[in-house]
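> Here the protein sequences come in this chain order: A and B. Just so you know, the numbering used here puts 9 at position 9 of the first sequence, and the rest follows in order with no gaps. Just so you know, the numbering used here puts 206 at position 54 of the second sequence, and the rest follows in order with no gaps. Backbone N, C-alpha and C define an ideal beta-carbon position, used for all residues, glycine too. These numbers were taken from a predicted model, which means no experiment stands behind them. This structure is in C-alpha cells; I'll ask about it shortly.
2 protein chains.
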Amino acid sequence: MDFRLETFLPYRLNQAAELVSQRFAAQYRTRYRMTRPEWRALAALGSYGRMTATEIGANSSMHKTKVSRAVRALEEKHWLKRSEDAADRRIEHLDLTPAGRRIYGEMIALAHEYEQELARLLDASGLEQLQAGLATIEATLAVQPARRGPSD
Amino acid sequence: MDFRLETFLPYRLNQAAELVSQRFAAQYRTRYRMTRPEWRALAALGSYGRMTATEIGANSSMHKTKVSRAVRALEEKHWLKRSEDAADRRIEHLDLTPAGRRIYGEMIALAHEYEQELARLLDASGLEQLQAGLATIEATLAVQPARRGPSD
DNA sequence: GTCAGGTGGTTACAGATGTAACTGTCCATT
DNA sequence: AATGGACAGTTACATCTGTAACCACCTGAC
C-alpha cells in the first residue's frame, strides 16, 4: 500500500502543467476573452502564417472539433479570415487579419515575458532539467497515440 | 516573431501530461468505468484512509464540486460509504468499503506497473531530470493559487 | 441567547469537450 | 461517366466542468 498520488508521475505532471499554464492563461482570458484553443490556433497562424484547420490541429494537438470552434471564434472576433482553395474546395486557408496579427504580436510579447519570469522563478538548473525531461517524454511517448476520453 | 508554440513551456507541459496520463487513464476508464476525479478520490482514500470531502480536495487538488461528484459516483458503485461526524454535522467522513479497497489494490498494482513501464521507456536520466524539474515547479509555483477558468 | 460570518457540501446553470454522424468534395477504379 | 472510399470541416448530443448561489450547521462576539 505504498502508493501516494502526489508522487505518481501522471498526477504530478498534470499538476505542474496546471500551475504553469494558469498564470499565462489568465492573461489571454481576461485581456482578450480568448480560450486556450483560440490562443493555440492564433499562435499557430501567427508563427507559421497561412494554414488549414487540419494543419492547425496537427501542429497544436487539438481535436478537429476544437479547431473548428476556435477558428469560428477567431473569425467572429475578426482576427482571422478564411479563403477557399482554388483546386480543392474542401479546404479552407486561414490567415490572420491585421487585427489578428496585432493581437498575436501582443500575445507573444506576453509569452516572452512569462518565459523570463519562469526562468527567474525556477532557476536555470530546474528549468533545464524540466526541459530535458519533457524532451524525453515527447521523444518516447509521442509515437503511440492512445485513445482519448472525456478529459480524464 | 521568433515564437513557437511547440517550445512554449505551458504548452509542452500540457502535452507531456496528456501523453503520460492517457495511457494510464485508459486503464481505469475501461476496466472500472472510472473517471479521473473518481480515481483521484479513490487513491486518496485508499492511501490515507478515512477523509472528508474537503480533505480529498486539498490532497488531490480538485475543486469541491468535482470532489462532490466523484464521491457520489464512488458511493453509487458501492466503493465508499459516508458517516456522519459526532460533533459537527456539516462533516461527512468517507471510507472505502471492502469492495472499494479491493479496487484500490488492483489500481495501485496497475499504477506500479505503469511506473515501471515509464521508467523503462524514459531511461533513468530522463525520468530523474523530469522529477527534479517537477519538484522545482511545485516548490516554486504552488504558493500562489491563480484563478481558474473553464479548463483553458 | 442570538446573530453575523464562516465552513462543509450540494446543486442549477452555462460553457467546454469528445464521439459519432453528417455534408460536401476529391480521386482512383471501373 | 459512375461509384466507392477517403478526407476537410461542421454539428447534434451527451458528458464534464467551474461559478455562483444555496442549505445546513458551527462559532465567536455581543
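How about residue 161/A and residue 74/A: are their beta carbons less than 8 Å apart?
Shown here, chain A extends from 1 to 152; a query on residue 161/A therefore has no answer.
> Pull out every residue of the stretch 274-288 of chain B whose Cβ sits closer than 9 Å to any Cβ of chain A, in chain order.
274, 275, 277, 278, 279, 280, 281, 282, 283, 284, 285, 286, 287, 288
> Using only alpha-carbon positions, find the residue among 63/A, 46/A, 135/A, 94/A that is nearest to residue 83/A.
Your numbering for residue 83/A matches position 83 in the first sequence. The shortest C-alpha separation from residue 83/A is found at 94/A.
> Can you give me the C-alpha to C-alpha distance between residue 260/B and residue 124/A, rounded to a whole angstrom?
On the second sequence, residue 260/B is found 108 positions in, with the first residue counted as 1. On the first sequence, residue 124/A is found 124 positions in, with the first residue counted as 1. Cα to Cα, residue 260/B sits roughly 35 Å from residue 124/A.
> May I ask which residues mark the beginning and end of the alpha helix (DSSP H) holding residue 197/B?
As a position in the second sequence, residue 197/B is number 45, starting the count at 1. Counting along the chain, the alpha helix (DSSP H) containing residue 197/B begins and ends at 188-200.
> Taking beta-carbon pairs under 7 Å, can you tell me which members of the stretch 245-271 of chain B lie near chain A?
260, 263, 267, 270
> According to DSSP, is residue 264/B part of a helix, a strand, or is it coil?
What you label residue 264/B is simply residue 112 of the second sequence in a count that begins at 1. In this structure, residue 264/B counts as helix in the three-state DSSP scheme.
> Closer than 8 Å, CB to CB, is residue 169/B near chain A or not?
As a working mapping, residue 169/B is identified with position 17 in the second sequence. So yes, residue 169/B belongs to the interface.
> Between residue 152/A and chain B, is there a C-beta pair that is closer than 8 Å?
Residue mapping note: residue 152/A aligns to position 152 of the first sequence, counting from 1. Its pLDDT being 42, under 50, residue 152/A is placed unreliably in this model, and the coordinates cannot settle the point.
> Using a Cβ-Cβ cutoff of less than 6 Å, which residues in the same chain neighbour residue 139/B once the five nearest sequence positions on both sides are dropped?
Residue 139/B lies beyond the range of chain B shown here (153 to 304); nothing can be said about it.
> Assign residue 302/B to buried or exposed, taking buried as 16 or more other Cβ atoms, counted over all protein chains shown, within 10 Å of its Cβ.
Numbered from 1 along the second sequence, position 150 holds the residue referred to as residue 302/B. Bear in mind that the predicted position of residue 302/B carries a pLDDT of just 40, short of 50, making it unreliable; the figure below should be weighed with that in mind. So residue 302/B counts as exposed.
> Exposed or buried, which one is residue 268/B when buried takes at least 16 other CB atoms within 10 Å?
Reading the second sequence from its first residue, position 116 is the one you call residue 268/B. Counting Cβ neighbours within 10 Å, residue 268/B comes out exposed, since fewer than 16 surround it.
> For residue 98/A, count the other beta carbons within 10 Å of its own beta carbon; 16 or more makes it buried, fewer makes it exposed. Which is it?
In the first sequence, residue 98/A corresponds to position 98, counting from 1. It is exposed - the Cβ of residue 98/A has fewer than 16 other Cβ atoms within 10 Å.
> In the structure shown, what three-state DSSP assignment does residue 235/B receive?
Walking along the second sequence from the start, residue 235/B turns up at place 83. DSSP places residue 235/B in strand when its eight states are reduced to three.
> Is the shortest distance between the beta-carbon of residue 74/A and the beta-carbons of chain B less than 8 Å?
Residue mapping note: residue 74/A aligns to position 74 of the first sequence, counting from 1. No, no contact with chain B.
> Anyone know if the C-beta pair for residue 155/B and residue 26/A falls short of 8 Å?
For this step, residue 155/B is matched to residue 3 along the second sequence. For this step, residue 26/A is matched to residue 26 along the first sequence. Their beta carbons are not under 8 Å apart, which means residue 155/B does not touch residue 26/A by this criterion.
> Looking at the structure shown, is residue 161/B part of a helix, part of a strand, or coil, going by DSSP?
Residue numbering aside, residue 161/B sits at position 9 when the second sequence is read from its first letter. Here residue 161/B sits in helix by DSSP.
> Can you give the Cα-Cα distance for residue 284/B and residue 167/B, rounded to whole angstroms?
Translated into positions along the second sequence, residue 284/B becomes position 132. Translated into positions along the second sequence, residue 167/B becomes position 15. If you take the alpha carbons of residue 284/B and residue 167/B, they lie about 18 Å apart.
> Can you tell me which of the three DSSP states residue 156/B falls into?
Working through the second sequence from its first residue, we reach residue 156/B at position 4. Coil.
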